[in-house]
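For reference, the structure is listed below as structure tokens.
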Amino acid sequence: MHKRFAITTAAWATFAASLVWAQAPSAQPAPAPPAQLGALAPSNIAKPRPAPPFDITGTWLHAMARDNPFTFTPPPDVKLTPAAQAQLDAAKKARAEGKAYHDDIGQCWPAGLPVLMTRVWPIAMIQKPTAIFMVSGFMNSVRIIYLDGRKHTDPDIIIPSFNGESIGHWEGDSLVVDTIGFVDDHHWIDNGIPASDQLHIVERMRLIGDGATLQIEYTFGDPKNWVGEWKVTKRWKRVDDTDITEASCLPDLNAHMPSVTSKSVNIH
Amino acid sequence: MNRLQFACICILGLSVAGSAHAHHSMEGFDRAKNVTLVGTVKQFKWANPHSWIELEITNDKGVVETWNIEMTAPFVLVRAGWKSNSLKPGDKVTVVGHPQKSGEPGALFVSVTTADGQTLTDRPAGAPAQPAAPPAPAK
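Written out as structure tokens, the structure is:
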């Protein structure tokens, strides 16, 4: 009898202690936010949404032309910050001396936005109701534009990337895409013009010319690197007779490329 | 867009950018000059994003040097008549390229002539020859 009483008492004490521990607020993790349905979750894709004004699905190539260069040049009313201007001046000086200034792409760093979009490699674009997936033939870099109504990731947990986090919504005949969440180094708008973690890109995408031309009006903001609103419009052509291919920047390939191995030419 | 138009865009890219399929700076090459290299193919790499030739030559001091010849992407080379086995180790070839400004043994590919007299470039058949002094690069 005494033994049974002792066991019962011990069991109740253990149970009570566990209740106290479980209720201690300092040990309780914050409740997890509701999980965001993945863009390819069938239940997300199946949600009722208005029909989009266009389907971008296809293979696209930047339409190189004198009025549509692959480069990004600041408009006259945009003033680079002193630090950014110093970088651009150094890049110009390097070019005048026949050298390459921070040719990070050549060293296998990702191109990142916006440079990725204007390479001479086609981009495969696949549109679903919830997202547009872009895979560039250039290093197979992946860009995703979410269309499922989600908000940007909490700045405290967003993972910086070269293509950033793109959220899009439809406005009339356009897709408006807001992109933030960029890395803070080895990322350039153009040679010598740095991009920072404050880079904010807004794109207005439209299909024109019977759907054969993609037009994007860019607005770039980056208070670390320039003052003013940098606007530029670029065009792409639909290329139906080609596909993207696997392409990787590999150490053993790069070792045979004089343009990136020459220490006397490359300024890092 | 047909293949010819696509190729023309690539050529326009060459004239504007200096190298259509360069994903990086080409500042290190002196594109106003050509160097002619007579040697033996050590390796020919058929790969994205760039192909290349590793070429062994004997320099004017009698010393064997290995030159890396940087090329464009295979899909451009295919349009210029190339195949993955167009060059093989041991082939005796003459390569023309734009040399490095630094004087280091390396060049940007212009053409190759094989022992049987066949010449291959990176331009589609019928395209204008690459100028010795192209416009200043845009990047």
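Residue numbers (our numbering), protein chains in the order written: chain A, 37 to 304; chain B, 134 to 272. For each residue, glycine too, the CB sits at the ideal point set by N, CA and C.
- As summarised for the stretch 209 to 254 of chain A, the continuous beta strand (DSSP E) elements at least 3 residues long and confined to that stretch are 210 to 216, 224 to 226, 236 to 244, given in chain order.
- In its chain, beyond the 5 residues on either side, Trp262, Val263, Gly264 have a beta carbon closer than 7 Å to the beta carbon of A/Lys115.
- Put simply, the backbone Cα of B/Lys178 is about 28 Å away from that of A/Met100.
- In this structure, A/Val301 and B/Ser235 form a Cβ contact; the two beta carbons are roughly 6 Å apart against a cut-off of 8 Å.
- Around the beta carbon of A/Glu133, a 10 Å sphere encloses fewer than 16 other beta carbons of the protein chains shown; the residue is thus reported as exposed.
- Residues of the stretch 162 to 176 of chain B whose Cβ lies closer than 9 Å to any Cβ of chain A, in chain order: Phe162, Asp163, Gln176.
- If you check the CB distance, A/His292 and B/Trp200 do not come in under 8 Å.
- Flagged as an interface residue toward chain B: A/Ala136, by a C-beta distance shorter than 8 Å.
- Straight-line measurement puts the Cα of A/Pro110 at about 18 Å from the Cα of A/Tyr137.
- If you look at B/Phe242, you'll find it in the beta strand (DSSP E) that goes 239 to 247.
- For A/Leu76, no beta strand (DSSP E) run applies, since DSSP gives it neither H nor E.
- Sequence-distant partners of A/Ile141 (beyond 5 residues in either direction) whose C-beta falls short of 7 Å from its own C-beta, in its chain, are Ala147.
- Assigned with DSSP and collapsed to three states, A/Leu152 falls in helix.
- Cβ proximity to chain A below 7 Å picks out Gln233, Lys234, Ser235 from the stretch 221 to 236 of chain B.
- A distance of 8 Å or more separates the beta carbons of A/Gly173 and A/Ile162.
- For A/Ser202, the enclosing beta strand (DSSP E) has its first and last residue at 201 to 207.
- Taking 8 Å as the CB threshold, A/Ile141 lines the interface with chain B.
- In the three-state reduction of the DSSP assignment, B/Gly236 falls in the coil class, being assigned neither a helical nor a strand state.
- At least one CB of chain A lies nearer than 8 Å to the CB of B/Gly239.
- Collapsing the DSSP output to three states places B/Leu210 in a helix.
- Neighbours of A/Met293 in chain B, taken as residues whose beta carbon is under 9 Å from its own, are His157, His183, Trp185, Asn201, Glu203, Gly239 in chain order.
- At least 8 Å separates the CB of B/Ala213 from every CB of chain A.
- Three or more beta-carbon pairs separated by less than 8 Å are not found between the stretch 282 to 298 of chain A and the stretch 265 to 272 of chain A, which leaves the two stretches without contact.
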